[in-house]
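Take the sequence shown: its letter number 22 is residue 21 in numbering that gives the first Met the number 0, and every next letter is one higher.
For glycine and all other residues, C-beta sits at the position ideal for the given N, C-alpha and C.
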Amino acid sequence: MQWKKSPPELISLFEELVPPDPVVEKRKMFGYPCCFVNGNMMMGLHQDNLILRMGEADRQEFLTHQGTSRFEPMKGHIMKEYVAVSDSMKNSPQILMNWVQRSLDYVRALPVKVKKSRKQ
């Protein structure tokens, strides 16, 4: 599978959506911009996808919106807590900000992720 960069307009949208909360840490994962809270990924980009991490109830509600889907970075490899935002939702900033906030609320409640020590 060939990896491709996220388009500039999607990167700009991502930057606009990053919550102005001091617990949110921006960093890259596999070359794509992402947000983490307490070491847990909250949202990010993967190629043409904007992805959010959500709890079960929010995820099920989110998936009722047309064009949304579970996040599948490679065929057959679904990331269970992550969803991909539809193109139409990317054009609805108010609706999208609500989902970003719900993602933040969910990830903020997760236990702090402790970094694994490197084997020597």
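Cutting at 7 Å between CB atoms, please list the residues of its own chain near residue i, excluding the five before and the five after it.
{"i": "Met96", "result": "Leu16"}
{"i": "Lys25", "result": "Val17, Pro32 and Cys34"}
{"i": "Lys3", "result": "Gln46"}
In chain order, what residues of the same chain have a beta carbon less than 8 Å from the beta carbon of residue i, not counting five sequence neighbours either side?
{"i": "Lys112", "result": "Asn37, Gly38 and Asn39"}
For residue i, report the span of its beta strand (DSSP E) as first-last.
{"i": "Val99", "result": "Where Val99 is concerned, there is no enclosing beta strand (DSSP E), although the alpha helix (DSSP H) it sits in stretches over Pro92 to Arg107."}
Restricting to Cα atoms, I'd like to know which of the options is closest to residue i.
{"i": "Val23", "options": "Phe61, Phe35 and Glu60", "result": "Phe35"}
{"i": "Pro19", "options": "Trp2, Pro6, Val99 and Glu80", "result": "Val99"}
{"i": "Ala56", "options": "Glu8, Lys74, Gly43 and Lys79", "result": "Lys79"}
Please work out which residues of its chain come closer than 6 Å, Cβ to Cβ, to residue i, disregarding the five sequence neighbours upstream and downstream, and give them in chain order.
{"i": "Ser87", "result": "Gly66"}
Assuming residue i and residue j make a contact with CB atoms under 8 Å, what is their CB distance in whole Å?
{"i": "Ser102", "j": "Met53", "result": "6 Å"}
Just grab the DSSP bridge partners of residue i for me.
{"i": "Leu49", "result": "Leu44"}
{"i": "Lys25", "result": "Cys34"}
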